[in-house]
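Trainee: All residue numbers for the sequence shown refer to the working numbering, where the first residue is 1 and numbers rise by one.
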Amino acid sequence: KEGVLRIDNVLTPETADAVREHMYQLRYKSEQEVAQGIIHPLQRYADVLLKTNRCDLTIPMGSQDHPIITTALEESLCKSPVGATISSIFGEDAVLHELSCLMSDPGSQRQVLHPDTPYVDGRGPVLYTCFIALQDVTLDMGPTVWLPRTHNLEAHEAFQDTIVRTEGGESPKDALIKKTPAVLGTLTKGSCAIFDSRLLHCGSANRSKDDVSRALFYFSFKNPAVGYPGNPASIRRELGDANVPLGELMKDLESFGKGKGSPLIDQLGSRMK
């Protein structure tokens, strides 16, 4: 109904800390590899609005080389309500569409409001995205801003209409933004927000007084009945090409949690470049 839902304690504090450390190590390594011409930037980074002091670092999989990522996925998809929530909407055939980490450093500017995917009349939701905070997100760190109930045709038509039709009036877009109460992603460490990709949102400016970068571990799952959702995916190409179903991934993660291995994730990890 609102288009965005908060769930607390999706990751333990210890897992969130470990994932954050792993992400910044991976970012440093990726920056070095790109600078040295070893890899192309698109092999490590997805496109993101306003790149200065902000990046979208795609995440590799593999329980041997990246066990903390497997642990984080197990906690969020199997031990918290996240996996069941997405499955209740899209079913177990929902496809892993994105696996990445948004990083917003001090000095990053506010993005413009945008939906991740367009509204297509009669098609229904196409993606649900889960943003998980890897540290407490305070107001000065640039939390995500969402406009609830804007994942519908009426809101999208108004958002695209910038014409002022009366003298001294305002455009439908300005009126929509002005009248819609916003919610802020001031999440505690390990908590998440799941949102409909058609919902209007943006990252705000990071003006952290303590010079803290904001990191959000995230993934999205696609409606299996939908082909191209209308926006490029933030995911390693090897993972995106595999079209991993939610149900199979959760079974593999449950096996991992029981100490019985994760053959699917290990197979995916062997494809990473």
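Cβ atoms here follow ideal geometry from the backbone N, Cα and C, with glycine treated the same way.
Could you tell me whether the Cβ atoms of A215 and R20 are closer together than 8 Å?
Mentor: A contact, by the Cβ cut-off of 8 Å.
Trainee: Could you give the uninterrupted runs of the beta strand (DSSP E) lying entirely in the segment 73–149, keeping only those of 3 residues or more?
Mentor: As far as the segment 73–149 is concerned, its whole beta strand (DSSP E) runs of at least 3 residues are 95–104, 127–133, 144–146.
Trainee: Within its chain, find whatever has a CB closer than 7 Å to the CB of A205; leave out the 5 residues flanking it on each side and keep chain order.
Mentor: Hits under 7 Å: S108, Q109, R110, G142.
Trainee: Less than 8 Å between the C-beta atoms of N223 and F90, yes or no?
Mentor: Yes, Cβ-Cβ distance for N223 and F90 is below 8 Å.
Trainee: When the Cα of M23 is compared with those of A72, C202, I38, which residue comes out closest?
Mentor: It is A72 whose Cα lies nearest to the Cα of M23.
Trainee: Distance check for S171 and A18, CA to CA, integer angstroms please.
Mentor: About 46 Å.
Trainee: For a quick check, are the C-beta atoms of G3 and R149 less than 8 Å apart?
Mentor: Yes; because the gap between Cβ atoms is below 8 Å, this pair is in contact.
Trainee: For the putative contact between A133 and G168, defined by C-beta atoms under 8 Å, what is the C-beta separation to the nearest angstrom?
Mentor: With a Cβ gap of about 42 Å, A133 and G168 do not count as contacting.
Trainee: Could you work out which residue in S80, K258, T180 is closest to T12 when comparing CA atoms only?
Mentor: Checking every option, the nearest Cα to that of T12 belongs to S80.
Trainee: Assuming C192 and C130 make a contact with CB atoms under 8 Å, what is their CB distance in whole Å?
Mentor: Indeed they touch by this definition, with Cβ atoms about 5 Å apart.
Trainee: From which residue to which residue does the beta strand (DSSP E) around G203 run?
Mentor: Segment 201–203, the beta strand (DSSP E) holding G203.
Trainee: Pick helix, strand or coil for D211, following the three-state DSSP scheme.
Mentor: Note: D211 maps to coil in three-state DSSP.
Trainee: How long is the line joining the alpha carbons of E75 and L264, rounded to whole angstroms?
Mentor: Straight-line Cα distance between these residues: approximately 17 Å.
Trainee: From E238 to T186, what distance separates their C-alpha atoms?
Mentor: If I take the Cα positions, the gap works out to 33 Å.
Trainee: Counting pairs of Cβ atoms below 8 Å between the segment 227–236 and the segment 154–169, do you hit three or more?
Mentor: Segments in contact, no.
Trainee: What span of residues does the alpha helix (DSSP H) with R20 cover, start to end?
Mentor: Residues 13–35.
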